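Numbering (my numbering), first residue to last: 521 to 787.
Built from N, CA and C at the ideal position, the CB exists for glycine as well.
Predicted model, so just to flag it, every value in this text is computed and none were measured.
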Ligand code: GLY
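Structure follows, in structure tokens:
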């Protein structure tokens, strides 16, 4: 797997906020947490490819919002927050090496955090960042590649992936206060405890599941299901309304199956 990431901006305290109150953010501490996040990705087999630093973009570390990457193509988003539109070009330059690129065009807006891909199903959150025009454009782009796009109503959360992420084959972890279970027909849905509404954002990589240490009850619940759950201290980034998926774009390398193969010894 490849993981695109980007360094934390020293201006992260000026980040966009939708459902959270603003509180002081220690940029150095956020950077240290981000470094450990990259180390976790690396330990689980992802090759880190860093986008150019973007200190002028307070939310630039949340690269997930800049693109949607499928096995066949990548779609460069047009973020819903005006302050974030300048984040996409540097990510597009990187993705150009791996996938044919498509773009969501004005006046459509969409954040990658609203796009949850499970197999050939793509769920798109109808958030304050993502409009119906973008859902339509995305559908036109991905349908020829065999994907089905479903718009998902949301309430009281920033992105779809603030409220629903995959924990494994066909199973979703969901905050039912923000998204209806019925939005995901055919998938098993497990609900986060009411006391941990932010816990529905987890990151699945190479059989391991990463969750913020802010959510111990959810971690225990997932462990009881036999899942290999690991935790990370992510609190400083959470103050910027981020979940663990926000800081990376994960995708298979150009030659799936060969990338992780052992090196060939010349005879
Ligand atoms: N602070 C993350 C976002 O609002 O995009």
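So, at 8 Å on beta carbons, what are the nonlocal neighbours of residue 624 in its own chain, with the 5 sequence-adjacent residues on each side left out?
Mapped onto the chain shown, residue 624 falls at position 104. Excluding residues within five positions, the ones whose Cβ falls inside 8 Å are 595, 596, 597, 598, 630, 654, 657 and 658.
When DSSP labels each residue in this structure, what does residue 525 get in the three-state scheme?
Locating residue 525 in the chain shown gives position 5, where the first residue counts as 1. Residue state, collapsed to three classes: strand.
Integer-rounded CB distance, given that residue 584 should sit under 8 Å from residue 568:
Residue 568 sits at position 48 when you count from the first residue of the chain shown. Residue 584 sits at position 64 when you count from the first residue of the chain shown. Between residue 568 and residue 584, the beta carbon gap of about 15 Å keeps them out of contact (Cβ cut-off 8 Å).
On the DSSP bridge assignment, give the partners of residue 643 in chain order.
On the chain shown, residue 643 is found 123 positions in, with the first residue counted as 1. Per DSSP, 636 and 670.
Using a threshold of 6 Å, is the CB atom of residue 579 nearer than that to any non-hydrogen atom of ligand 1?
The residue labelled residue 579 in the question sits at position 59 within the chain shown. The closest heavy atom of ligand 1 lies less than 6 Å from the beta carbon of residue 579.
Just the C-alpha distance for residue 685 and residue 772, rounded to the nearest angstrom, thanks.
The residue labelled residue 685 in the question sits at position 165 within the chain shown. The residue labelled residue 772 in the question sits at position 252 within the chain shown. Near 18 Å, if we compare the C-alpha coordinates of residue 772 and residue 685.
What does DSSP give as the partner residues of residue 724 in its beta bridges?
Here residue 724 refers to the residue found at position 204 of the chain shown. Answer is 729, bridged to residue 724.
Closest to residue 670 by C-alpha separation, out of 643, 736 and 647, would be which residue?
Here residue 670 corresponds to residue number 150 of the chain shown, with the count starting at 1. Nearest to residue 670 by alpha-carbon distance, out of 643, 736 and 647, is 643.
Among all the DSSP beta bridges, which residues are the ones paired with residue 771?
Start at 1 with the first residue of the chain shown, and residue 771 comes out as number 251. The beta-bridge partner set that DSSP reports for residue 771 consists of 522.
Under 7 Å between the Cβ atoms of residue 647 and residue 674?
Residue numbering aside, residue 647 sits at position 127 when the chain shown is read from its first letter. Residue numbering aside, residue 674 sits at position 154 when the chain shown is read from its first letter. Yes, the Cβ-Cβ distance between residue 647 and residue 674 is below 7 Å.
Opposing strand residues paired with residue 710 [DSSP bridges]
Here the question's residue 710 lines up with position 190 in the chain shown. In the DSSP assignment, residue 710 forms a beta bridge with 693.
Report yes if the C-beta distance between residue 564 and residue 728 is below 7 Å; otherwise report no.
Residue 564 sits at position 44 when you count from the first residue of the chain shown. Residue 728 sits at position 208 when you count from the first residue of the chain shown. Taking the C-beta atoms as reference points, residue 728 is found nearer than 7 Å to residue 564.
Could you name the residues of the same chain whose beta carbon sits closer than 7 Å to that of residue 650, not counting the 5 residues immediately before and after it, in chain order?
Taking the first residue of the chain shown as 1, we reach residue 650 at position 130. Only 600, 629, 630, 631, 634 and 644 meet the Cβ criterion.
Coil, strand or helix - residue 614 by DSSP:
As a position in the chain shown, residue 614 is number 94, starting the count at 1. Residue 614: helix per DSSP, three-state reduction.
Who are the near neighbours of residue 531 in its chain, counting only those whose CB is closer than 6 Å to its CB and skipping five residues on each side?
Position 11 of the chain shown, counted from the start, is the residue given in the question as residue 531. Once the five neighbours on either side are set aside, the close Cβ partners of residue 531 are 578.
6 Å Cβ shell around residue 781 - same chain, five flanking residues per side excluded
For the purposes of this step, residue 781 is taken as the residue at position 261 of the chain shown. Per-residue confidence for residue 781 stands at a pLDDT of 38, beneath the threshold of 50, marking its modelled position as unreliable; the derived number appears in the next sentence. Setting aside the 5 residues that flank it on each side, residue 781 has no residue in the same chain whose C-beta is closer than 6 Å to its C-beta.
According to DSSP, which residues form a beta bridge with residue 688?
As a working mapping, residue 688 is identified with position 168 in the chain shown. BP columns for residue 688 point to 691.
Quick check on residue 586: buried or exposed, where buried means 16 or more other Cβ atoms within 10 Å of its Cβ?
For the purposes of this step, residue 586 is taken as the residue at position 66 of the chain shown. With 16 or more other Cβ atoms within 10 Å, it is buried.
With a threshold of 7 Å between beta carbons, is residue 605 in contact with chain B?
Absent from the structure is chain B; it holds one protein chain and no more.
Quick check: does the Cβ of residue 677 come within less than 6 Å of any heavy atom belonging to ligand 1?
Position 157 of the chain shown holds residue 677. Not one heavy atom of ligand 1 falls within 6 Å of the beta-carbon of residue 677.
Taking residue 552 as the reference, give the member of 528, 544, 746 and 536 with the closest Cα.
Here residue 552 refers to the residue found at position 32 when the chain shown is read from its first residue. Nearest in C-alpha terms to residue 552, of all of 528, 544, 746 and 536, is 528.
By a C-beta neighbour count over all protein chains shown, 10 Å radius and 16 as the cutoff for buried, is residue 739 buried or exposed?
As a working note, residue 739 is residue 219 in the chain shown. So residue 739 ends up on the buried side.
Under a Cβ-count criterion, where at least 16 other Cβ atoms within 10 Å of its own Cβ denotes burial, should residue 663 be classed as buried or exposed?
As a first step, residue 663 must be located in the chain shown, where it is residue number 143. Around the beta-carbon of residue 663, fewer than 16 other beta-carbon atoms lie within 10 Å, marking it exposed.
Counting C-beta neighbours from all protein chains within 10 Å, is the total for residue 666 16 or more, i.e. buried, or is it exposed?
Your numbering for residue 666 matches position 146 in the chain shown. Per the 10 Å Cβ criterion, exposed.
Extent of the continuous alpha helix (DSSP H) run through residue 738:
To locate residue 738, count along the chain shown from 1; it is residue 218. It spans 736 to 744 - the alpha helix (DSSP H) in which residue 738 sits, taken as one unbroken run.
Please identify the residue among 723, 707, 693 and 706 whose C-alpha is closest to the C-alpha of residue 714.
Translated into the one-based positions of the chain shown, residue 714 becomes position 194. Measuring from the Cα of residue 714, the nearest candidate turns out to be 693.
Are the Cβ atoms of residue 725 and residue 764 separated by less than 7 Å?
In the chain shown, counting from the first residue as 1, residue 725 sits at position 205. In the chain shown, counting from the first residue as 1, residue 764 sits at position 244. Not a contact, by the Cβ cut-off of 7 Å.
Where do the ends of the alpha helix (DSSP H) carrying residue 661 lie?
Within the chain shown, the letter at position 141 stands for residue 661. Unbroken alpha helix (DSSP H) run through residue 661: 652 to 662.
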